[in-house]
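One line per chain: the protein sequences are A and B, in this order. Position one of the first sequence corresponds to residue 43 (my numbering), numbered consecutively onward. Position one of the second sequence corresponds to residue 43 (my numbering), numbered consecutively onward. Beta carbons are placed, not taken as given, at the ideal position from N, Cα and C, and that holds for glycine. Right, one structure below, let's go through it.
Number of protein chains: 2
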Amino acid sequence: MKSALRRPKTRRLAAPAPSNGRAGKAKAIYAFGGGKADGRAGMKTLLGGKGANLAEMTNLGVPVPPGMTITTEMCNTYYALGERWPHGLEAQLRQKMRWLEGVAKKGFGDPKNPLLVSVRSGSAVSMPGMMDTILNLGLNAQTVQGLIVKTENPRFAYDAYRRFIQMYGDVVLEVEHKQFEEILGKKKLKYGAKTDADLSADALKELVAEYRQLVKRAKGTDFPEDPFEQLTGAVNAVFRSWNNERAKIYRRLNTIPHSLGTAVTVQSMVFGNMGSTSLTGVCFSRDPSTGENVFYGEYLVNAQGEDVVAGIRTPKPIAELKREFSKLYQQLTKISQRLERYFKDIQDMEFTVEEGTLYMLQTRTGKRTARAAVAIATDFVKEKLITREQALLRVDPAQIDQLLHPTIDPKAKPRVIAKGLPASPGAAVGKVVFNAHRAVELAEEASERVILVREETSPEDIEGMAAAQGILTARGGMTSHAAVVARGMGKCCVAGCSDIIVREEENHFEAGEATVKELDYITLNGTTGEVMLGEVPLVQPSLTGSFKQVLSWADQTRRLRVRANADTPQDAKVARDFGAEGIGLCRTEHMFFGEERLPVVREMILAKDASARKAALAKLLPFQKQDFLGIFEVMKGLPVTIRLLDPPLHEFLPNTPEDQERVSKQLGIDVRQLRETVNSLHEFNPMLGHRGCRLGITYPEINEMQAQAIFEAACELARDGVKVVPEVMIPLVGHPQEFRIAKRTIDEVARQTMARYKVALQYLVGTMIEVPRAAVVADAIAQEAEFFSFGTNDLTQMTFGFSRDDIGKFLPHYLKERILPADPFVKLDQDGVGSLVRLGIEKGRAARKGLKVGICGEHGGEPSSIDFCHRVGMDYVSCSPYRVPIARLAAAHAALREKK
Amino acid sequence: MKSALRRPKTRRLAAPAPSNGRAGKAKAIYAFGGGKADGRAGMKTLLGGKGANLAEMTNLGVPVPPGMTITTEMCNTYYALGERWPHGLEAQLRQKMRWLEGVAKKGFGDPKNPLLVSVRSGSAVSMPGMMDTILNLGLNAQTVQGLIVKTENPRFAYDAYRRFIQMYGDVVLEVEHKQFEEILGKKKLKYGAKTDADLSADALKELVAEYRQLVKRAKGTDFPEDPFEQLTGAVNAVFRSWNNERAKIYRRLNTIPHSLGTAVTVQSMVFGNMGSTSLTGVCFSRDPSTGENVFYGEYLVNAQGEDVVAGIRTPKPIAELKREFSKLYQQLTKISQRLERYFKDIQDMEFTVEEGTLYMLQTRTGKRTARAAVAIATDFVKEKLITREQALLRVDPAQIDQLLHPTIDPKAKPRVIAKGLPASPGAAVGKVVFNAHRAVELAEEASERVILVREETSPEDIEGMAAAQGILTARGGMTSHAAVVARGMGKCCVAGCSDIIVREEENHFEAGEATVKELDYITLNGTTGEVMLGEVPLVQPSLTGSFKQVLSWADQTRRLRVRANADTPQDAKVARDFGAEGIGLCRTEHMFFGEERLPVVREMILAKDASARKAALAKLLPFQKQDFLGIFEVMKGLPVTIRLLDPPLHEFLPNTPEDQERVSKQLGIDVRQLRETVNSLHEFNPMLGHRGCRLGITYPEINEMQAQAIFEAACELARDGVKVVPEVMIPLVGHPQEFRIAKRTIDEVARQTMARYKVALQYLVGTMIEVPRAAVVADAIAQEAEFFSFGTNDLTQMTFGFSRDDIGKFLPHYLKERILPADPFVKLDQDGVGSLVRLGIEKGRAARKGLKVGICGEHGGEPSSIDFCHRVGMDYVSCSPYRVPIARLAAAHAALREKK
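Take a look at the structure:
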C-alpha cells in the first residue's frame with residue numbers, strides 16, 4: 043500500500059507558528075472508525091454537531107465510514123495566528139491519516155487501492171449550506187487508475203475525478219465556478235449530451251484534462267497531485283469558509299457567536315453512485331412538518347448526495363425503499379429508531395448505500411415546524427422518552443408564533459411584488475382599499491375581505507384597520523402607528539414598504555412594474571414583510587390538543603404571571619382565551635380615537651379654559667365608562683391595569699391642511715384658530731414633551747374624568763356582585779412629587795365615587811417606570827406607588843437616546859456591524875436598560891416590601907426578555923394578547939433554566 | 043401700674059392644642075432687655091435673624107428697647123395644629139409680658155403709663171418686606187390718654203393711635219387698606235391738609251373714631267380694646283403672613299425652605315417722632331454699594347421708621363448727623379464699629395433716637411453689591427477680621443456674574459416696553475436691525491452698535507450675532523439657538539420675548555403700543571429680560587484688584603480644575619484671560635456655520651455617495667484645521683477637548699421654502715432634490731435621532747476628516763515647538779462598541795498623521811457621558827475611553843425625559859407647584875441625574891484607575907452643581923468663558939465646605 047503520507051515532507055505548509063499557538067499539547071484531531079471513536083455526542087462545541095454525532099454513532103456500532111474531526115479550537119487558533127496552522131497540527135493530521143489508511147485498508151495516494159475522503163465543515167450550531175465541502179479528495183492521475191481497476195467502472199471513476207477537480211478548483215483554488223460550467227457545457231454540446239449523465243467515460247476524461255488546463259491557466263500552477271497537499275488545501279478552505287460573507291450574515295441573522303469556529307471532518311468516501319445497488323438519501327425519524335410518528339424521507343438510486351439536493355432527478359419517497367430493498371429498509375428504520383431513542387429527539391439523517399452496504403453519514407436533531415415541535419414534545423412524553431420539563435424546553439417559544447396566526451400555504455408559489463417591514467405577524471388576503479371608510483364599507487356592508495393600503499396610518503384610520511384583514515403602509519417603522527395598532531389587534535401588517543408608491547387619489551399603488559388598483563386582490567405576509575399579487579392560499583392556525591397540553595405544563599412550571607396589553611373588551615376576550623391572567627396595560631388613549639369620540643377629544647384640546655375643557659371631558663366620560671365596564675366584565679376577578687392618558691395632545695389633532703379644513707367645519711371653529719392650536723402644540727421632541735403624567739398634572743380635570751370613569755364602572759359592577767380589581771397606572775413619572783399629586787386626585791375621586799355608590803373597592807395606584815430617572819429614584823417613588831410596571835419601550839428610548847421613529851437611519855447599520863447584538867426594541871438590552879430595571883426593582887422593594895412589579899413594554903412578549911424578567915424577580919409580564927401563549931411558555935423556560 | 047395681663051382671663055384664644063403640640067416643654071419665648079438676653083446671635087434658626095441679633099446686642103450692652111421673641115418653632119407648631127396655638131404658649135406670653143412691664147417700667151394697658159410694643163416677623167433668612175409688622179400696639183381709648191399726659195403731645199398720641207388702628211385693621215383684621223385711605227383722604231380734604239402731617243390733633247381724633255366705626259362696620263365687632271387680645275391677634279397675623287402669597291413666591295424665587303417658619307419679636311416701642319431731639323434712621327457700617335470703609339446711612343428728624351421707607355420726606359445723609367448731633371453720631375459710629383467687629387461683617391442697622399436717647403432697633407448682615415462684597419472680603423482680611431477662607435465664603439459665586447458683564451446704570455429710569463426670558467446676562471445698547479447681514483454691515487463697516495432682533499435665530503445668523511451688541515428674539519426658550527450661542531459668546535440676549543411682534547419684512551417690531559423701527563435705539567437687560575426704549579446708560583464691568591485677589595485665593599483653595607467651553611480662538615482667549623485651565627468642550631459643529639463653510643457643509647450632506655461626501659469634506663478640512671491651529675496656539679500647553687460633530691445633519695439645511703430656493707441656487711442643485719433631502723432627514727425626535735457618534739459611525743469619513751484636521755494642526759504646532767494637548771471627545775456614546783469603532787478611526791488617522799509629520803504627540807480619546815446607558819455601562823466604556831466628560835445637558839434631557847425645547851408647556855407649572863425644586867437644566871438634579879453621574883464615575887474609575895472626569899454641560903458654571911462635581915470627585919468643570927471666575931470661586935467654596 044503506497045501512501046502519500048510516507049513521502050518525505052517537501053515543504054512546510056505554513057510558517058512556524060508562534061509558541062502560543064501550538065497544537066501539540068491539546069488533542070487537535072479526534073478519530074472515529076473501526077467500532078470506536080475518540081469523541082462523543084456531548085463534544086459538539088469542540089467537534090461540531092456533525093463530528094460529535096459521527097463519533098457517537100461509531101461508538102453505538104452504527105455503520106459509519108471511518109474518519110476524523112479537526113477541532114473548532116484549531117479553526118480559532120488558525121484565525122488567531124493570522125490564517126496559519128499551529129505548530130504540530132500537520133504532524134497530527136499525517137499520523138491520523140495513517141491510522142485511517144489502516145482502518146479503511148486503503149492507501150492515501152495509493153495508485154492501486156486509493157483512499158478517497160470527503161472534507162466537510164461542521165460547527166456546534168447547524169448552519170446549513172453556509173460553508174464548503176470537498177468530496178472525492180485523493181484522486182489524481184494515478185489514483186484514478188486504481189479506482190478504475192477496483193470498480194471496473196471507468197465512467198464512474200472519471201466522473202468522480204472531474205467532480206473533484208471542479209469542486210476543489212472552485213472552493214479551494216477559487217477559480218470561477220462558471221468557467222468550469224462553460225467547459226462542461228461545450229463538452230455536452232460536442233457530444234450531444236443532454237445531461238452530465240449522458241457523457242461517456244472518454245468525454246469525462248477529456249473534461250478532466252481541460253479542467254486541469256483551466257486551473258493552470260487561472261492560477262499559474264498545476265492542479266495539486268499530492269493527496270496530502272490536496273487535503274491541507276481543503277482543510278484551509280473549510281476554515282476560511284467560516285468567515286465567508288454568507289456565513290457571517292447567517293450567523294448575524296441567527297445570533298450565532300462568531301467565536302464558535304468550525305470543525306473539519308475528514309471521512310473516507312462511500313459511493314451511492316456505484317450502480318443499481320447503490321443509493322443515497324436523507325430521512326427523518328418522524329415527519330418534521332406534522333410531528334406524526336412515521337418514518338420519513340427520500341432517496342435516489344445510483345446517485346451521490348449532491349444529486350438529492352440539486353433537484354435534477356426527483357427522489358423517491360422512503361416508502362418505496364421498503365419495496366425495493368426491504369432488508370435495507372428494515373436496517374435503516376431500526377437505526378433511525380435507535381438513534382431517536384438514544385438522542386431522545388427527532389433525527390435528521392443522511393445515508394448512503396454502496397453496493398448493498400448501508401453507511402450512515404450524518405445524524406442530527408431534526409428541524410421541525412412549530413406544529414411538529416408541539417406534537418413531538420407531547421408524544422415523547424407519552425412514550426416516556428423525556429420528562430414534561432424536557433418537553434417544554436423542546437418547544438421554542440419564539441417559534442410558536444406560527445401557530446397563532448394564519449400563514450402562507452408552504453405549497454403556494456406566490457408572486458412577490460414588494461417587501462416591507464414584518465410589522466405584525468401572520469398572513470392576510472383581501473381586496474385593496476385606500477381609505478378607512480371604504481374598508482369599513484366593504485368589510486361590514488359587503489362582507490368583503492379587504493387590505494387597507496395607506497401611505498401611513500393615523501388615528502383616524504383605526505376603524506378601517508379593525509375592519510381590514512391586514513394593513514400595508516409605505517412609510518413608518520416597526521413601531522409606527524400602523525405597526526403598533528396592528529400588533530395590538532393581532533392583525534397582519536407590512537409597514538414601511540418603500541418598494542411601493544401609494545397614489546391614494548388615483549386609487550392605485552405601484553410596486554416596481556406592477557400597478558395594483560382598488561379591489562385587486564393582494565396577499566400580505568406579516569412575518570416576512572412580503573407583499574404578493576392575488577389570492578395566495580393560507581393555512582389557518584389551530585390550537586391543537588397537544589399545544590394546549592404544552593401550555594398547561596408551562597402554567598404548572600412558571601413562576602411569572604402573564605397578563606395582556608388590551609384596550610377593548612374584544613382584546614380582553616382574546617387575551618383571556620389565550621390564557622392571560624389579567625390586563626397589564628390598558629391604554630386609555632386608544633379609546634379616544636373612535637369616530638364619535640375624536641371630535642369630543644378635539645373639543646377638549648381646543649377648550650379655551652378649564653371649564654370648557656371640563657364640559658368636553660364630561661361628554662367623554664360616558665364613553666370611557668362604557669369601555670371600562672366592558673373590560674372589567676370580561677376580566678371579572680382578574681386585575682386590570684389602566685394607564686391614564688399618555689400621548690401628547692397634538693396626536694389627536696389633524697395635521698394636513700385638508701384635514702384641518704374638514705375638522706374645523708366639523709367642530710364649527712375657525713380653521714386659523716385650529717391651525718394656531720396645532721402650531722402652538724407642536725413639539726420639537728414629542729417623545730420628551732408634554733405627555734404622560736405631565737398632562738394630568740397640568741390639566742387635573744383629565745385625570746379626574748378618567749378616574750371617575752374607572753371608579754363609576756368598577757362600583758357599578760361591584761354593586762352587582764362582579765369582582766373588579768382596578769389598578770390605576772400613572773405614566774411617565776420621573777419624580778415622586780408627580781406621582782403624589784396625581785395619586786391625590788385619583789384617591790379623592792375614588793373616595794367620592796365609592797361613597798356615592800356605597801361600595802368599598804380594593805384598588806391600587808401605581809406607576810410606569812419608563813423614564814430613567816424613575817428607576818434611579820425608585821425608592822422614593824415606591825413610598826407612594828403601590829405597584830411598578832416597567833414601560834421598557836420608552837425606557838429603552840431614553841436610556842439609549844434612541845427615538846424609535848428615527849432609528850431607521852442608523853440601527854440597520856449598527857446591527858450589520860454588530861455594534862449592537864440585537865434591536866433593543868425587540869430584545870431587552872439587559873446590560874443597559876436591564877441594569878436600570880434591576881436597580882428600579884431593588885430600590886422599589888427596599889422601600890416597599892413585596893412591591894408588585896411587572897413589565898408592559900413590547901419586551902413582555904419576547905422570550906429572552908421574559909427570561910430576564912424572571913431572573914430579576916418580576917411578578918408578571920404583560921404582552922399583546924396574541925403573544926400570551928408565547929409568554930406562558932417562555933416563562934416556563936425561564937423557571938426551568940433557573941432550576942438548572 | 044395697671045396691666046392688661048393681670049386681668050382675669052376671659053376666654054381661650056384657641057381651642058386646646060393636642061398633646062403633641064405643647065409649648066410648655068420647650069422654651070417658646072426668649073426675652074431680651076435690662077442688659078441681658080435669653081438668646082444669642084447663633085440662634086437665628088430659632089429666633090429669626092432679627093430676634094437673635096437683638097438678643098446679642100442686648101448682651102453686648104448696646105442700647106436696645108427691651109422685648110421678647112416667640113420662636114419659629116411656635117410658628118411651625120401653629121401650622122401643624124391647623125393654625126392654632128399650642129397649649130401653654132399663651133401662659134408663657136403673659137408671663138414674659140409681665141417681665142417686660144417690669145423692665146420697661148410701664149404697664150400693658152396702663153392708662154397712666156402705657157407700655158406700647160411693636161410686633162415684627164423675622165425668619166432665619168431675611169425676606170425684606172414680605173411679612174407684616176404692627177407698631178404702637180397697646181393703644182386704646184384709655185391708654186391714648188396716658189400717652190397724651192406722658193408726652194404732653196396730643197397730636198403725637200392721636201397720630202400714633204390712628205396709625206395703629208389703620209395698620210392693625212389692615213393686617214390683623216383684614217379690613218381693606220383703601221377704605222382707611224378713603225377716610226383719610228376725606229379728612230384731609232375737609233381740613234385742607236396737604237399731607238397727613240398737616241392734620242391737627244382734633245382731626246386725628248376724629249379719624250380714630252371714624253376708623254373704629256369702619257372696623258365695626260366691616261367686621262361686625264368692635265376694634266379690640268384689650269391690649270393682650272390685640273397682641274395675640276398681631277402674633278397670629280405675623281404667623282399667617284409667613285404663608286401669604288408674596289412670601290411664598292419670594293421663598294420660591296430664592297429657594298428658601300418653606301419649613302423655616304417665622305419668629306415674632308415683641309418689643310417695647312420707642313419713638314423717633316417725639317420732636318426735634320427725636321429721629322430715626324438706617325445705617326451701614328460700610329458703603330454697601332462700593333464696599334468702601336465709610337460709615338453710611340441716612341436719617342429723618344422727628345419721624346418714625348416707616349417715614350424713612352415711605353420716601354415722602356427726603357432723608358438726610360448720615361454725615362449731617364455729625365454736624366447736627368455730634369455726640370449721637372459718635373455713639374452711633376462706635377456701636378456700628380463695635381457690631382461690625384463683633385459680627386465680623388458689614389452691618390445694616392436701624393436706630394431711633396427718642397428725645398435724645400439712642401436705641402438700636404435692629405442689626406443684620408448688610409446686603410451688598412458684588413463689587414462691595416469683593417472689596418469688603420479683601421479689606422476684612424487686610425484688617426485681620428477674618429481669614430482668607432472666610433473671605434472667600436463671603437463672596438457669593440452666583441453674584442459675581444454682575445462683575446463680568448455691563449449692567450444697566452442703577453440711576454437710570456428706563457422705559458421698559460417688553461419683557462422676555464433673561465437668556466444671557468449683561469446689558470446692551472444699540473440700533474435695531476432685523477437681519478444678520480445688516481448687523482454685520484453696520485457693525486463692521488459703520489462701526490455702529492447694533493441689536494439684532496429676530497423672530498428666532500438660526501445658524502445662518504451666527505455672524506450677525508457676533509457683530510451685534512445683543513440679541514432679542516420673539517420665540518425660543520432659555521436653550522434656544524439664540525440663547526445658547528449668545529451665552530457662549532458672553533453676549534447679552536433676551537429670548538422668547540412674546541411681548542413683541544417682529545415684522546421683519548416691514549423693518550419694525552411692535553411692543554404693546556410702541557413701534558420700533560430699524561435703526562431706533564433700544565437697550566436690553568439680559569439679566570432680567572427687560573427690553574427698554576432708547577439708549578439707557580450702562581456701567582462697564584471692571585476686574586478690580588480685589589476681585590483678582592479673591593480669585594487667586596480661590597485658586598489656592600480649590601481642588602477642581604476649571605476649563606472653558608470655547609469654539610473659537612477668540613473664545614479661547616477670553617477663557618484664558620478669565621483663568622481657564624484648558625478647554626473642556628470645543629464644539630466643532632459651530633465651526634461649520636461660517637459663511638464660507640455652510641455651503642460646503644451642505645454639499646457634504648447632499649452628497650450622493652461616500653466619494654462625493656469625501657470630496658466635500660476635503661474642502662472643509664482646511665477650515666477645520668485653521669480653527670484648531672488658532673485654538674491650540676492660544677491654549678498652548680493646556681489641554682483642549684475637541685468634540686466630534688454632534689448635531690443631526692438636518693440642522694445645517696435650510697427649512698423655509700425661501701431659504702431652500704436660495705440655497706438650491708447657491709449650490710446649483712434642483713430645489714426639489716434639496717427639499718427631498720430635507721424631508722428625508724426630518725426626524726420625529728431629533729434629540730434622540732441620527733446624531734453624535736451615530737453620525738461618525740455611519741459616515742466614518744466625517745470622523746476621518748475631523749481627526750485629520752485636529753492632528754495636522756497639532757503636529758504642525760508641535761513640530762514648531764508649541765506644546766499641544768489634544769483630547770478627542772466622541773459624543774453620545776451609549777455602547778462600548780460605538781466608542782471602539784470611532785476610536786479606531788481616530789487612532790489610525792493620528793498614527794498616519796504623526797508619521798507624516800514625524801512628530802510624536804500625547805493625546806487622549808475619550809467620550810461624553812450624556813446618554814443614561816453610558817453611565818450604566820461606564821465600566822465597559824472606560825476600558826476603552828481615556829476620559830469621561832459628563833454632558834449633563836443631554837443627560838438631564840434623557841434622564842428626565844424632558845426636551846429642553848418643549849418644557850415651556852409644563853416646567854413653569856412644575857416650578858410653581860414645587861413639583862421640582864429647581865429647573866434641572868439650571869441646577870443639576872443631584873438625586874436623579876446626579877445619581878447617574880456618581881454611578882458613571884464609580885464604574886468608570888473601577889475599570890480604569892484615575893480616569894480623568896469632568897463636566898461640560900451648562901451646569902459646569904452653576905455653583906450648587908459645581909459643589910456636587912467636587913463632592914463626586916470630578917477632576918474639572920468646564921463652563922462658558924464668562925463663567926470661569928464664578929466656577930473658580932464656587933470650586934473653592936466646595937473645597938471649603940468639604941473641609942468643614
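Determine the DSSP secondary structure at residue i, reduced to helix, strand or coil.
i              : result
residue 813(B) : coil
residue 114(A) : helix
residue 559(A) : strand
residue 428(B) : coil
residue 777(A) : coil
residue 212(B) : helix
Need the endpoints of the beta strand (DSSP E) that residue i sits in, please.
i              : result
residue 864(A) : First-last for residue 864(A): undefined, no H or E at that position.
residue 831(A) : 829–832
residue 3(B)   : Residue 3(B) cannot be examined here, being either before or after the span of chain B that is shown, 43 to 942.
Do you know offhand how far residue i's Cα is from residue j's?
i               : j              : result
residue 1002(A) : residue 229(A) : Lying outside 43 to 942, the shown extent of chain A, residue 1002(A) is not represented and no answer is given.
residue 453(A)  : residue 70(A)  : 45 Å
residue 777(B)  : residue 838(B) : 19 Å
residue 430(A)  : residue 595(A) : 7 Å
residue 410(B)  : residue 926(B) : 22 Å
residue 942(A)  : residue 666(B) : 59 Å
The alpha helix (DSSP H) that contains residue i, what's its start and end?
i              : result
residue 365(B) : 360–366
residue 253(A) : 243–261
What does the Cβ neighbour count give for residue i, buried or exposed, with the cut at 16 atoms within 10 Å?
i              : result
residue 309(A) : buried
residue 933(A) : buried
residue 253(A) : buried
residue 356(A) : exposed
residue 730(A) : buried
Contact list for the segment 850–884 of chain B against chain A, Cβ threshold 8 Å: Within the segment 850–884 of chain B, contact with chain A at the beta-carbon level (separation under 8 Å) is assigned to 851, 852, 855, 856, 859, 860, 861, 862, 871, 873, 874, 875, 877, 878.
Short of 7 Å Cβ to Cβ, which residues in the segment 809–823 of chain B face chain A?
So the list reads 813, 814, 815, 818, 819, given in the order they occur along the chain.
*Residues, ordered as in the chain, of the segment 767–800 of chain B that lie near chain A by beta-carbon distance below 8 Å*: For the segment 767–800 of chain B, the set of positions with a beta-carbon nearer than 8 Å to some beta-carbon of chain A reads 774, 776, 777, 779, 780, 783 in chain order.
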